[in-house]
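Report on the following structure.
Numbering (our numbering), first residue to last: 46 to 1070.
In structure tokens:
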């Protein structure tokens, strides 16, 4: 999984892992393209993309026989690429010191092999060439995950050790005889099953029954069967009557749980009937906001079509559903409604997992009201499957539980009821009762609302409930995706234990191992969640006594902590009972810790993945989770991290593109996380937690390569959540690079709003960032604003706005300021006069170099005693602009930054920028508004683009000669302040010094804006002339 330091960490962290890491020698192989055809065995039985591998620990031997494991690439990146996989021996034999496996050389002569009550006989001529074979026995407790995943824990039990015959897939010329001694402690059972597991081309196992080819000697407890090839043999017992074909089918196809949402639409315009809608989707998909709130999700589509989610209470639910299973969906309505058009109250559908795991499935029923007055929509939805699945939900518009769910906007998700209990001011004992009903929030709500009804007596109207909960913020009760996942895992495992109708020794051993692993992983994740720094998170993931941290934080009690520790030190037969006592407290601890808070990411400078890449990887992640392919999930995570390393490589001399590609090919997740450490650290606490969780998960990668099937359950769902979290974090976000800040220095009451930050990418010009702001100008007078761009580039944070320098000169030197060559020194000037014949001149520009050159010019013209460049400071400043619009109008401006530049620009017809020409800004004030300014200063706006033309005419009136000088200035020019004259040099005449100066200034305000005029006139002492 990375460099040697990472391998060392594998050995030291085994105490906190699910399994002890094994040492593996890597070998390079190729990721196969998804266009590979499915195996014949899968096509003959059911759809090719639905057959999943079954057994958990047997995968190591399955992969062993083929030498290497193949992993399909689904992300849309390179279809073939090198990936490091473990190297197995040619026979795949894993020697067991306990003597539960034996090997022998099969030649043309007959022979036998025996291990602990299992004996294999082969006749002469069974093989043409000698071959070493292995007979290995595996503990049934390792394979109970398959039984629980398929919802068969009350139907099946292992009757003997699972037999793994290697090399897998080996074919014989003649049938071999296998005698298996049964476990006499099992039973009584009605039926015995013998299953033969064959490996498909994709590494998965396809199960067939060979019961008809087997002979049972129940007196002596022996079953004898004939086989023609090597694979996995399992002997199972049926505790109740279930069709053999149904059991085999359920073992081979994918099972999952789902959510049901009930929605309602009134008879709006263009809709002749009211309607009730049902939205069904995989529970794993529903719990992930990325999928649940996607535009293509049926739940979102129904809401866009005018449906409102009612919420429902699950009254009964048993078993999983399976891909391809036939379901009957029935709806029964209350007395105020009936189905329109004589429509039947039930429909049949077939589960298509590719739909239920993506957009979801929707069903609508037209409704007809049976009354015209007050009416209430309520009813029941019942779903029955061909493989024993049943579910019944109640819904009602006026049901307080459903109403509260709608009020809080939580849908079918779990949520924290502690804030609700506090707002309703209910007794502490009521809360204890609610916590004990951990199975569903509906049951907890019943407890709280029943006590509330007793407390309020007859005043239990929804309006009163709404008033009681006013001010409750979503982050107080909402639970994020990881919290939802942990709660689901705890509830599923505890419910499975409570629903067992028999207890088998091997089953209990499996459950006790699952309980300890689940509790350890959840509490570790809780400690990571409450940590903030990198060091605290790493410490939280490495310690064993996680409850000590939770006790210190006041999240769990000392009693809960002691029970948790006892669960790891007590005899195995009491672990289950301790776990069931702990579940209510663990569920509530998760709710208190994993709050769904919208914390914006800090600016990290990360250049993320484009929309097309994100969509492609999201689809691949979804397919990998649906098909339970843990290695494919690691491939997608590796692809994301590799892409991020390429995009954010600020040190290409140290981490070359070839080196990064090598990291990706080798699935070196930890190495790539280390390379991106600065980005995760800078972005905030949530990205830091994500990085630590990915690091911890990657420590299992070697074990996963040995035995992927052992990680198909809770670990896969956990890593699926991490994969989606990483994908959402990695999506390109322009605010990670540039953030505009609009500042009102006068803190006026004008209200501001802004559009989303946008980034346009050009092949020749790079990236251009822009953001639109609009302000409701509520007061008279000019509106002064400032802006700055926070830019994160090359690992450094910068503020980009403008530069300014302020100097003080005598008023007698003002002519030098007037003569400042704006064409070569594009700076804006602002002058303030004082009572001591001094002028305070501020030079503005978005370019620091322009300010420096202007100071150099003034130093040359005025001398060092007036302007000393060594003493004058050039300071960073905000880009400043103002608007002279009338009160009650909405003014707009767009801030712009070109990536890699040192400036920000302004696009606006309403604002003027006080800076050089690069700043932009187009609107010119009228002369009255300009004259009304009262801040005692002059401001010359953007003179650098002025185009000046002069005309001269003279007229003789008797003895008086009149000269007319016209100066036309075209460009973004404005004079603002009490003294609005624009001083310019005009030609002197030799004939007479008595003349009139007439200045006409034509101003072009910008494209699409009408020209405005402003003029001043001065006369000689002979005014009458």
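We treat Cβ as the ideally placed atom computed from N, Cα and C, and that holds for glycine.
Throw me the rounded Cβ distance for the residue 429 and residue 373 pair, which I believe falls under 8 Å. In the chain shown, counting from the first residue as 1, residue 429 sits at position 384. In the chain shown, counting from the first residue as 1, residue 373 sits at position 328. So it is a contact: roughly 5 Å between Cβ atoms.
Delimiting residues of the beta strand (DSSP E) encompassing residue 855: Here residue 855 refers to the residue found at position 810 of the chain shown. Run containing residue 855: 847 to 855, per the beta strand (DSSP E) assignment.
At 3 residues or longer, what runs of the beta strand (DSSP E) sit wholly inside the region 199 to 270? Runs of the beta strand (DSSP E) lying entirely within the region 199 to 270, each at least 3 residues long, are 201 to 203, 207 to 211, 216 to 226, 236 to 244, 250 to 254, 259 to 262 in chain order.
Rounding to the nearest angstrom, what Cα-Cα distance links residue 701 and residue 722 in this structure? Stepping through the chain shown from its first residue, residue 701 is reached at position 656. Stepping through the chain shown from its first residue, residue 722 is reached at position 677. Rounded to the nearest angstrom, the two C-alpha atoms are 17 Å apart.
Endpoints, beta strand (DSSP E) assigned at residue 358: By 1-based counting over the chain shown, the position of residue 358 is 313. Residues 358 to 363.
Excluding sequence positions up to five away, which residues of its chain have a Cβ less than 7 Å from the Cβ of residue 453? On the chain shown, position 408 is the one that residue 453 refers to. The residues are 460, 522.
Answer with buried or exposed for residue 421, where buried requires no fewer than 16 other C-beta atoms within 10 angstroms of its C-beta. Position 376 of the chain shown, counted from the first residue, corresponds to residue 421. With fewer than 16 other Cβ atoms within 10 Å, it is exposed.
DSSP on residue 395, reduced to helix/strand/coil? Sequence index remark: in the chain shown, residue 395 carries index 350 (1-based). If DSSP states are grouped into helix, strand and coil, residue 395 belongs with the strands.
Can you list, in chain order, the residues of its chain whose CB lies under 7 Å from that of residue 858, leaving out five sequence neighbours each side? Stepping through the chain shown from its first residue, residue 858 is reached at position 813. For residue 858, where only same-chain residues beyond five positions count, the Cβ hits under 7 Å are 907, 911.
Taking the CB atoms as reference points, tell me whether residue 630 and residue 596 lie closer together than 7 Å. Locating residue 630 in the chain shown gives position 585, counting from the first residue. Locating residue 596 in the chain shown gives position 551, counting from the first residue. For the pair residue 630 and residue 596, the CB atoms are not nearer than the 7 Å cut-off.
Residue 805 - DSSP class collapsed to helix/strand/coil: By 1-based counting over the chain shown, the position of residue 805 is 760. In the three-state reduction of the DSSP assignment, residue 805 falls in the strand class.
Residue 382 and residue 414 look like a contact to me (Cβ under 8 Å); what is the Cβ gap, rounded to whole Å? The residue labelled residue 382 in the question sits at position 337 within the chain shown. The residue labelled residue 414 in the question sits at position 369 within the chain shown. About 6 Å separates the beta carbon of residue 382 from that of residue 414, a gap short enough to meet the 8 Å contact definition.
Just list the beta strand (DSSP E) runs in the region 860 to 924, keeping only unbroken ones of 3 residues or longer that don't cross its boundaries, in chain order. Listed in chain order, the complete beta strand (DSSP E) runs (minimum 3 residues) inside the region 860 to 924 are 873 to 878, 883 to 890, 920 to 922.
Indicate whether residue 229 and residue 266 have their beta-carbon atoms separated by less than 7 Å. Translated into positions along the chain shown, residue 229 becomes position 184. Translated into positions along the chain shown, residue 266 becomes position 221. Yes, these two residues count as a Cβ contact at 7 Å.
Can you tell which of 652, 561, 165 has its C-alpha closest to the C-alpha of residue 812? As a first step, residue 812 is located in the chain shown; it is residue number 767 there, counting from the start. Of all alpha-carbon atoms in 652, 561, 165, the one lying nearest the alpha-carbon of residue 812 is that of 652.
C-beta contact flag for residue 469 and residue 403 at 7 Å: As a position in the chain shown, residue 469 is number 424, starting the count at 1. As a position in the chain shown, residue 403 is number 358, starting the count at 1. Not a contact, by the Cβ cut-off of 7 Å.
Nearest-angstrom Cα separation, counted from residue 481 out to residue 650: Along the chain shown, read from residue 1 onward, the residue named residue 650 stands at position 605. Along the chain shown, read from residue 1 onward, the residue named residue 481 stands at position 436. Distance between the alpha carbons of residue 650 and residue 481 is about 47 Å.
Checking 7 Å against the spacing of the C-beta atoms, do residue 573 and residue 582 come in under that value? Taking the first residue of the chain shown as position 1, residue 573 is located at position 528. Taking the first residue of the chain shown as position 1, residue 582 is located at position 537. One thing to note: residue 573 has its Cβ within 7 Å of the Cβ of residue 582.
Just list the residues that DSSP pairs residue 338 with in beta bridges. Mapped onto the chain shown, residue 338 falls at position 293. Beta bridge pairing from DSSP links residue 338 with no other residue.
Taking contact to mean at least 3 C-beta pairs separated by less than 8 Å, is the region 837 to 845 in contact with the region 861 to 874? Not touching, per the Cβ criterion.
From the DSSP secondary-structure annotation, give me the bridge partner or partners of residue 374. Residue numbering aside, residue 374 sits at position 329 when the chain shown is read from its first letter. Beta-bridge pairing links residue 374 to 392, 428.
What is the DSSP secondary structure of residue 407, counted as helix, strand or coil? As a working note, residue 407 is residue 362 in the chain shown. In this structure, residue 407 counts as strand in the three-state DSSP scheme.
Quick one: Cα of residue 27 to Cα of residue 283, how far? Missing from the structure shown is residue 27; the chain here goes from 46 to 1070 and no further.
At 4 residues or longer, and completely inside the region 752 to 786: list those alpha helix (DSSP H) runs for me, N to C. DSSP runs (the alpha helix (DSSP H)) wholly in the region 752 to 786: 759 to 775.
Unbroken stretches of the alpha helix (DSSP H), 4 residues or longer, contained in the region 528 to 610: DSSP runs (the alpha helix (DSSP H)) wholly in the region 528 to 610: 550 to 575, 579 to 587, 591 to 597.
In the DSSP output, which residue or residues are listed as bridge partners for residue 448? Position 403 of the chain shown holds residue 448. BP columns for residue 448 are empty, so no partner.
For residue 741 and residue 506, what's the separation of their Cα atoms in angstroms? Residue mapping note: residue 741 aligns to position 696 of the chain shown, counting from 1. Residue mapping note: residue 506 aligns to position 461 of the chain shown, counting from 1. If you take the alpha carbons of residue 741 and residue 506, they lie about 50 Å apart.
For residue 622, the three-state DSSP class (helix, strand or coil): Translated into positions along the chain shown, residue 622 becomes position 577. Residue 622 falls in the helix class under three-state DSSP.
On the three-state DSSP scale, how would you describe residue 102? The count along the chain shown starts at 1 and reaches residue 102 at position 57. The pLDDT assigned to residue 102 is 31, lower than 50, so where the model puts this residue is not dependable, and the model offers no usable value.
In the structure shown, what three-state DSSP assignment does residue 823 receive? Working through the chain shown from its first residue, we reach residue 823 at position 778. Looking at residue 823 - three-state DSSP - the assignment turns out to be coil, as it is neither helix nor strand.
Measuring only the C-alpha atoms, how far is residue 238 from residue 612? Translated into the one-based positions of the chain shown, residue 238 becomes position 193. Translated into the one-based positions of the chain shown, residue 612 becomes position 567. Taking the straight line from one Cα to the other gives about 35 Å.
Can you give the Cα-Cα distance for residue 959 and residue 787, rounded to whole angstroms? Stepping through the chain shown from its first residue, residue 959 is reached at position 914. Stepping through the chain shown from its first residue, residue 787 is reached at position 742. Whole-angstrom Cα-Cα distance: 15 Å.
Bridge partner(s) assigned by DSSP for residue 164: The residue you call residue 164 lines up with position 119 of the chain shown. Looking at the DSSP output, residue 164 shares a beta bridge with 159, 224.
To test your reading of the DSSP string, which unbroken alpha helix (DSSP H) runs of 4 or more residues are found completely within the region 490 to 521? Correct list: 507 to 513.
Have a look at 534, 928, 778 and flag the residue whose alpha-carbon is nearest the alpha-carbon of residue 194. Position 149 of the chain shown holds residue 194. In this structure, 534 is the residue among 534, 928, 778 with its C-alpha nearest to the C-alpha of residue 194.
Collapsed DSSP secondary structure at residue 798 in the structure displayed: Taking the chain shown and counting its residues from 1, the one referred to as residue 798 is at position 753. It is a strand residue.
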